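Peer 1:
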Amino acid sequence: MNKTKKLWTIERKIMMPYIGFMIALPLVILIVFNIAMRLYTEKNARDEIRNTLVATNLMLKQQLIKRPLDFSDETDRKRFSDQIDFVNEIFKVSRMANNTDIFIFSKTGELIFPSNRAETDPVILAAKEAVLMQEIDGIQRVTVNQMTYLIAGAKIEINQPTSESTPDNAPKNTSGNLSAIRPTSKTFHAVYVSSLNAANLLLRRINLILLSIVGVTLLISSILFKKIAASISKPIMEASSYADAISSGKYDKLSVHQDTAEIYQLMHSLNQMSLKLEVQDQTQRNFLQNVSHELRTPLMSIQGYAEGLVGGVFKEVTHPAQIIADESIRLKGLVDELITLSRLESTSVSVQKSDVELKQFLLDVVERAAGAALKAHKQVKLVCEDSLKLYLDEALLEKTISNLLSNAIRHAQYWIEIKVEKMTEVVKISISDDGKGFKASEIEFLFDRFFKGSEGNHGLGLAIVKSAVHLNEGTIKAYNGVKGAVFEIEFRV
Numbered sequence: 005m006n007k008t009k010k011l012w013t014i015e016r017k018i019m020m021p022y023i024g025f026m027i028a029l030p031l032v033i034l035i036v037f038n039i040a041m042r043l044y045t046e047k048n049a050r051d052e053i054r055n056t057l058v059a060t061n062l063m064l065k066q067q068l069i070k071r072p073l074d075f076s077d078e079t080d081r082k083r084f085s086d087q088i089d090f091v092n093e094i095f096k097v098s099r100m101a102n103n104t105d106i107f108i109f110s111k112t113g114e115l116i117f118p119s120n121r122a123e124t125d126p127v128i129l130a131a132k133e134a135v136l137m138q139e140i141d142g143i144q145r146v147t148v149n150q151m152t153y154l155i156a157g158a159k160i161e162i163n164q165p166t167s168e169s170t171p172d173n174a175p176k177n178t179s180g181n182l183s184a185i186r187p188t189s190k191t192f193h194a195v196y197v198s199s200l201n202a203a204n205l206l207l208r209r210i211n212l213i214l215l216s217i218v219g220v221t222l223l224i225s226s227i228l229f230k231k232i233a234a235s236i237s238k239p240i241m242e243a244s245s246y247a248d249a250i251s252s253g254k255y256d257k258l259s260v261h262q263d264t265a266e267i268y269q270l271m272h273s274l275n276q277m278s279l280k281l282e283v284q285d286q287t288q289r290n291f292l293q294n295v296s297h298e299l300r301t302p303l304m305s306i307q308g309y310a311e312g313l314v315g316g317v318f319k320e321v322t323h324p325a326q327i328i329a330d331e332s333i334r335l336k337g338l339v340d341e342l343i344t345l346s347r348l349e350s351t352s353v354s355v356q357k358s359d360v361e362l363k364q365f366l367l368d369v370v371e372r373a374a375g376a377a378l379k380a381h382k383q384v385k386l387v388c389e390d391s392l393k394l395y396l397d398e399a400l401l402e403k404t405i406s407n408l409l410s411n412a413i414r415h416a417q418y419w420i421e422i423k424v425e426k427m428t429e430v431v432k433i434s435i436s437d438d439g440k441g442f443k444a445s446e447i448e449f450l451f452d453r454f455f456k457g458s459e460g461n462h463g464l465g466l467a468i469v470k471s472a473v474h475l476n477e478g479t480i481k482a483y484n485g486v487k488g489a490v491f492e493i494e495f496r497v
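Residue numbers (the working numbering): 5 to 497.
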């Protein structure tokens, strides 16, 4: 058993993709932004620490070479710290090393600078460990207490001049001093630590602000889209209810006060459909009433005379029998016309088009109607060019011309004229007579089923004509000419 497919409302169809998009897009942007910012800040930090390393090492060498230092002496240690502080401040003021700290270690790993930082500081311990283990190779990333740092280091070797006493028999120098100047090599480790924490904190704050903006935007836009979706779904639901009412036979007009073109068109089309269905419904009812009436009249006549014959009411049976025969013929004609009209108005009718030579075709139709015209003392005239052809269904055209010609013979006084004219884009066929013409009030309803004008027959002939012409993609109209009625048919060439 097939499961019923779950249907979504218009509101949900609009909201779900939008909400998904509004969540996915900011997340993608946020991820890309974070990756880009982290790469950018780390690159800047690496450039900063690299530049600081090169410049500071050079300045430190210059400062230390100028005067020998004895780190066992408190004065020398303080002077050395002041020199490095000075160098560090220069870089910070120049914004060259805002987030970079400098640590100086002795060859044995003793912290020389800064003197105000405890050697138990986790950052100093990490730097010291890198020095002692000789792990510093380029720039390393380390994490200390969930904080991220970049560490770079360099070995600084300085040759400082020192004096030593000489023996008595040693040669004196030019100044007469008994001392020799010998260079002494000292080794330091300069470690540069750049913190990424400030950048990470800024990034977290930016993320928080962006997420807040996205959340507020999503909330506001969701409310807005919900209203937009409701403004679309509400009239559609009204249209659906209206369609249900139409199916129940209620043809009330639907309000079309809409500013949305598509919904306005939908409601306008529903109103047009309702109007056409109402007209068709009324026509169908009238049709059934007329058919019942038209069938009842001959049937009652046949029934009455037949019962009279059976009961022996009539002494002479020829006249009642003739009436029964005439009414039977009339009844058969009515049924034949009903069948023809029903077939023409059905959607399954097949139109077989071919090239029709008009003059020969019309001559054949006139010849078949010649007996009825002669009996009624009417003359039929034909005006048509030779070799004029049309591409259409010949059987439908024959039904059209035959019915109109039969109608004209019945209403004409002396003559009927069939005239064919070739225009630029159409061929016009006119059938006119010298009869009384139409009443002004009748012209509008001439082609309606069961409409019978003066001296009308069943009221189906012109309805059949109209259907046949439309199937051949033509148009037909009726009007009063100079002397009588005129039917004018046009077919595109």
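We put the CB at the ideal spot given by N, CA and C, even for glycine. Every value quoted in this text rests on a predicted model; they were computed, and no experiment measured them.
Along the chain, where does the alpha helix (DSSP H) containing residue 468 start, and where does it finish?
Peer 2: Stepping through the sequence shown from its first residue, residue 468 is reached at position 464. That run of the alpha helix (DSSP H) goes 465-475.
Peer 1: Which residues does DSSP pair with residue 398 in a beta bridge?
Peer 2: By one-based count along the sequence shown, residue 398 stands at place 394. The partner list for residue 398 (beta bridge, DSSP) is empty, contrary to what the question assumes.
Peer 1: What residues in its chain sit with their C-beta under 8 Å from that of residue 178, if we drop five residues either side in the sequence?
Peer 2: Start at 1 with the first residue of the sequence shown, and residue 178 comes out as number 174. Unreliable placement is indicated for residue 178, whose pLDDT of 46 sits below 50; the coordinate value is still reported in the next sentence. Contacts found: none.
Peer 1: Would you say residue 436 and residue 490 are within 8 Å of each other, going by their C-beta atoms?
Peer 2: Locating residue 436 in the sequence shown gives position 432, where the first residue counts as 1. Locating residue 490 in the sequence shown gives position 486, where the first residue counts as 1. In this structure, residue 490 lies closer than 8 Å to residue 436 by Cβ.
Peer 1: If you follow the beta strand (DSSP E) that residue 483 is part of, which residue opens it and which one closes it?
Peer 2: On the sequence shown, position 479 is the one that residue 483 refers to. Its beta strand (DSSP E) spans residues 478-484.
Peer 1: In whole angstroms, give me the CA-to-CA distance for residue 55 and residue 148.
Peer 2: Locating residue 55 in the sequence shown gives position 51, where the first residue counts as 1. Locating residue 148 in the sequence shown gives position 144, where the first residue counts as 1. Those two C-alpha atoms are separated by around 24 Å.
Peer 1: Keeping to the same chain, check which residues put their C-beta closer than 8 Å to that of residue 349; ignore five residues upstream and five downstream.
Peer 2: Indexing the sequence shown from 1 puts residue 349 at position 345. Cβ within range, chain order: 471.
Peer 1: List in chain order: all unbroken alpha helix (DSSP H) runs of 4+ residues lying wholly within the segment 340-401.
Peer 2: Runs of the alpha helix (DSSP H) inside the segment 340-401: 362-379.
Peer 1: Would you report the Cα separation of residue 390 and residue 361, rounded to the nearest angstrom?
Peer 2: As a first step, residue 390 must be located in the sequence shown, where it is residue number 386. As a first step, residue 361 must be located in the sequence shown, where it is residue number 357. Near 8 Å, if we compare the C-alpha coordinates of residue 361 and residue 390.
Peer 1: Give, in chain order, every unbroken run of the beta strand (DSSP E) that is at least 3 residues long and sits entirely within the segment 258-300.
Peer 2: Within the segment 258-300, no complete beta strand (DSSP E) run reaches 3 residues.
Peer 1: Are the Cβ atoms of residue 210 and residue 239 separated by less than 8 Å?
Peer 2: The residue labelled residue 210 in the question sits at position 206 within the sequence shown. The residue labelled residue 239 in the question sits at position 235 within the sequence shown. No. Outside cutoff.
Peer 1: Just the Cα atoms here: how many angstroms apart are residue 334 and residue 264?
Peer 2: Start at 1 with the first residue of the sequence shown, and residue 334 comes out as number 330. Start at 1 with the first residue of the sequence shown, and residue 264 comes out as number 260. Straight-line Cα distance between these residues: approximately 56 Å.
Peer 1: Which partner residues of residue 496 appear in the DSSP bridge assignment?
Peer 2: Here residue 496 is taken as the residue at index 492 of the sequence shown, counted from 1. DSSP, once it has assigned bridges, lists 430 as partnering residue 496.
Peer 1: Between the segment 27-38 and the segment 112-125, do three or more beta carbon pairs fall short of 8 Å?
Peer 2: no
Peer 1: Consult DSSP for residue 425 and reduce its assignment to one of helix, strand or coil.
Peer 2: Counting from one through the sequence shown, the residue named residue 425 turns up at place 421. Of the three classes helix, strand and coil, the one that applies to residue 425 here is strand, per DSSP.
Peer 1: Cβ of residue 532 within 8 Å of Cβ of residue 338?
Peer 2: In this structure the chain extends from 5 to 497, so residue 532 is not present and cannot be described.
Peer 1: Hey, quick one: how far does the alpha helix (DSSP H) through residue 217 stretch, first residue to last?
Peer 2: Numbered from its first residue, the sequence shown carries residue 217 at position 213. Its alpha helix (DSSP H) spans residues 201-251.
Peer 1: Is residue 382 buried or exposed, if buried means 16 or more other CB atoms sit within 10 Å of its CB?
Peer 2: Locating residue 382 in the sequence shown gives position 378, where the first residue counts as 1. Residue 382 is buried by the Cβ-count criterion.
Peer 1: Take the Cβ of residue 453 as the centre, count every other Cβ of all protein chains shown within 10 Å, and call the residue buried at 16 or more, exposed below.
Peer 2: Working through the sequence shown from its first residue, we reach residue 453 at position 449. Residue burial annotation: residue 453 is buried, with at least 16 other C-beta atoms found within 10 angstroms of its C-beta.
Peer 1: Rounded to whole angstroms, what's the CA-CA distance from residue 196 to residue 22? Just pull it up for me.
Peer 2: In the sequence shown, residue 196 corresponds to position 192, counting from 1. In the sequence shown, residue 22 corresponds to position 18, counting from 1. Rounded to the nearest angstrom, the two C-alpha atoms are 50 Å apart.
Peer 1: Report the partner residues of residue 144 according to the DSSP bridge assignment.
Peer 2: In the sequence shown, residue 144 corresponds to position 140, counting from 1. As computed with DSSP, residue 144 is found in a beta bridge with 155.
Peer 1: On a CA-only basis, which of 379, 244, 46 and 359 is nearest residue 104? Give me that one, please.
Peer 2: Residue numbering aside, residue 104 sits at position 100 when the sequence shown is read from its first letter. Ranking the options by Cα distance to residue 104, first place goes to 46.
Peer 1: What did DSSP end up calling residue 452 once you bin it into helix, strand or coil?
Peer 2: Locating residue 452 in the sequence shown gives position 448, counting from the first residue. If DSSP states are grouped into helix, strand and coil, residue 452 belongs with coil.
Peer 1: Tell me the DSSP secondary structure of residue 310 in three-state form.
Peer 2: If you number the sequence shown from 1, residue 310 lands on position 306. Three-state result, residue 310: helix.
Peer 1: What are the start and end residues of each continuous alpha helix (DSSP H) run of 4 or more residues lying completely inside the segment 11-47, in chain order?
Peer 2: none
Peer 1: Touching or not, the segment 314-321 and the segment 283-297, by the rule of three or more beta carbon pairs under 8 Å?
Peer 2: no
Peer 1: Please report the distance separating the alpha-carbon of residue 424 from that of residue 374.
Peer 2: The sequence position of residue 424 within the sequence shown is 420, counting from 1. The sequence position of residue 374 within the sequence shown is 370, counting from 1. Taking the straight line from one Cα to the other gives about 19 Å.
Peer 1: Alpha carbon to alpha carbon, what distance is there between residue 354 and residue 246?
Peer 2: Here residue 246 corresponds to residue number 242 of the sequence shown, with the count starting at 1. Here residue 354 corresponds to residue number 350 of the sequence shown, with the count starting at 1. Whole-angstrom Cα-Cα distance: 35 Å.
Peer 1: Are at least three pairs of beta-carbons, each pair with one atom in the segment 466-482 and one in the segment 388-405, less than 8 Å apart?
Peer 2: yes
Peer 1: To the nearest angstrom, how far is it from the Cα of residue 336 to the Cα of residue 445?
Peer 2: Locating residue 336 in the sequence shown gives position 332, where the first residue counts as 1. Locating residue 445 in the sequence shown gives position 441, where the first residue counts as 1. Cα to Cα, residue 336 sits roughly 30 Å from residue 445.
Peer 1: With DSSP as the reference, identify every bridge partner of residue 196, one or two as the case may be.
Peer 2: As a working mapping, residue 196 is identified with position 192 in the sequence shown. Its beta-bridge partners are 106 and 156.
Peer 1: Note down the Cα distance separating residue 368 from residue 253, rounded to an integer number of angstroms.
Peer 2: Within the sequence shown, numbered from 1, the residue matching residue 368 stands at position 364. Within the sequence shown, numbered from 1, the residue matching residue 253 stands at position 249. The alpha-carbon atoms of residue 368 and residue 253 are separated by roughly 48 Å.
Peer 1: Under 8 Å between the Cβ atoms of residue 53 and residue 198?
Peer 2: Here the question's residue 53 lines up with position 49 in the sequence shown. Here the question's residue 198 lines up with position 194 in the sequence shown. Their beta carbons are under 8 Å apart, which means residue 53 touches residue 198 by this criterion.
Peer 1: Report the rounded CA-to-CA distance for residue 412 versus residue 306, giving the unit in angstroms.
Peer 2: Position 408 of the sequence shown holds residue 412. Position 302 of the sequence shown holds residue 306. Going by the C-alpha atoms only, they are around 30 Å apart.
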